[in-house]
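Participant: Per our numbering: the sequence shown = residues 2 to 175. The beta carbon of each residue, even a glycine, is placed where N, CA and C say it ideally should be. Let me give you the structure first, and then I'll get to my questions.
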Amino acid sequence: TGRAIRKKDVKVEIILATGSDQYLREGYELHAFAYLMKPYDVMQVRATICDYFSRNQVSTHDEDMEFLRFSVQQKKFCIKQREISVIESEGRVVYIYHGDEKYRAYQRLNTIEQKLNMKYFLRCNQSYIINVEQVDGVIDYDFHMKNGMVIPIRKRDKKDIVQKYYQKKSELND
Numbered sequence: 002t003g004r005a006i007r008k009k010d011v012k013v014e015i016i017l018a019t020g021s022d023q024y025l026r027e028g029y030e031l032h033a034f035a036y037l038m039k040p041y042d043v044m045q046v047r048a049t050i051c052d053y054f055s056r057n058q059v060s061t062h063d064e065d066m067e068f069l070r071f072s073v074q075q076k077k078f079c080i081k082q083r084e085i086s087v088i089e090s091e092g093r094v095v096y097i098y099h100g101d102e103k104y105r106a107y108q109r110l111n112t113i114e115q116k117l118n119m120k121y122f123l124r125c126n127q128s129y130i131i132n133v134e135q136v137d138g139v140i141d142y143d144f145h146m147k148n149g150m151v152i153p154i155r156k157r158d159k160k161d162i163v164q165k166y167y168q169k170k171s172e173l174n175d
């Protein structure tokens, strides 16, 4: 099947997905873009698709399809940005809170921030970036997140940060 596809189009990218490593050699001969083994790991499939989009400069023009790509111990991850609730920094380590998952990656918060669509995110202090869609409310000097986290707002910039939050929230609801 891979050979038949390659005969019809030598430029097409092929991702082999199989339950047997006996096709590994065929994948090499076909110059397959990627090789996925059963049982499929959802995060690995996403990472492969993201790699394809990135390498081929594919733009979906769909904000629901914007992904954040990062690595954890040489394993690639690719998660939907809009599903991220909080990104926390502790020195050179960032924790990415995504649903019930917490990913630990060795990157600086500034590096992650540059990869985000800031339409949905707000830097509320030196250590945190929040997804404004995941905020349950603002109480005193804290953002209360839907996942139960309480994220402190930088005190000296509270008025400006809260104003930016409400502005972003309003723009997203339009």
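1) With DSSP as the reference, please indicate the residues paired to residue 77 in a beta bridge.
2) For residue 72 and residue 106, which I take to be in contact (beta-carbon distance under 8 angstroms), what is that distance rounded to the nearest angstrom?
3) Kindly list the residues whose CB is nearer than 7 angstroms to the CB of residue 116, restricted to its own chain and excluding five residues on each side of it in sequence; keep chain order.
4) Closer than 6 angstroms by C-beta to residue 131: which residues in its own chain qualify, once you throw out the five before and the five after it? Chain order, please.
5) Of the choices 157, 148, 45 and 18, whose alpha-carbon is the least far from that of residue 77?
6) Any idea what DSSP makes of residue 83, helix, strand or coil?
7) Report the rounded CA-to-CA distance for residue 91 versus residue 114, giving the unit in angstroms.
8) Counting only the same chain and skipping the five closest in sequence on each side, list residues whose C-beta sits under 7 angstroms from that of residue 84.
9) Tell me where the alpha helix (DSSP H) around residue 4 begins and ends.
10) Evaluate residue 135 with the Cβ neighbour count: other Cβ atoms within 10 Å of its Cβ, from every protein chain shown; 16 or more gives buried, anything less gives exposed.
11) Pop quiz: residue 33 and residue 79 are said to be a contact at Cβ under 8 angstroms. What is the actual Cβ separation, rounded to whole angstroms?
12) Ordered along the chain, which non-local residues of its own chain (more than five positions away) have a Cβ less than 8 angstroms from that of residue 16?
13) Is the separation between the beta-carbon of residue 133 and that of residue 170 shorter than 8 angstroms?
Facilitator: Looking at the atomic coordinates:
1) Answer by DSSP bridge pairing, in chain order: 72.
2) Confirmed, Cβ separation roughly 7 angstroms.
3) Once the five neighbours on either side are set aside, the close Cβ partners of residue 116 are 69.
4) Closer than 6 angstroms at the Cβ level, and outside the excluded window around residue 131, lie 87, 123, 125, 144 and 152.
5) Of 157, 148, 45 and 18, the residue nearest in Cα terms is 45.
6) In this structure, residue 83 counts as helix in the three-state DSSP scheme.
7) Computed Cα separation, rounded: 15 angstroms.
8) Its chain contains 99 and 100 as the residues whose beta carbon lies nearer than 7 angstroms to that of residue 84, once the 5 sequence neighbours on both sides are disregarded; these appear in chain order.
9) Annotation for residue 4: the continuous alpha helix (DSSP H) segment containing it runs 3-9.
10) Per the 10 Å Cβ criterion, buried.
11) In fact, because the Cβ distance is near 19 angstroms, the residues do not count as touching under 8 angstroms.
12) Within the same chain, residue 16 has close Cβ partners 33, 34, 35, 36, 37, 49 and 53.
13) If you check the CB distance, residue 133 and residue 170 come in under 8 angstroms.
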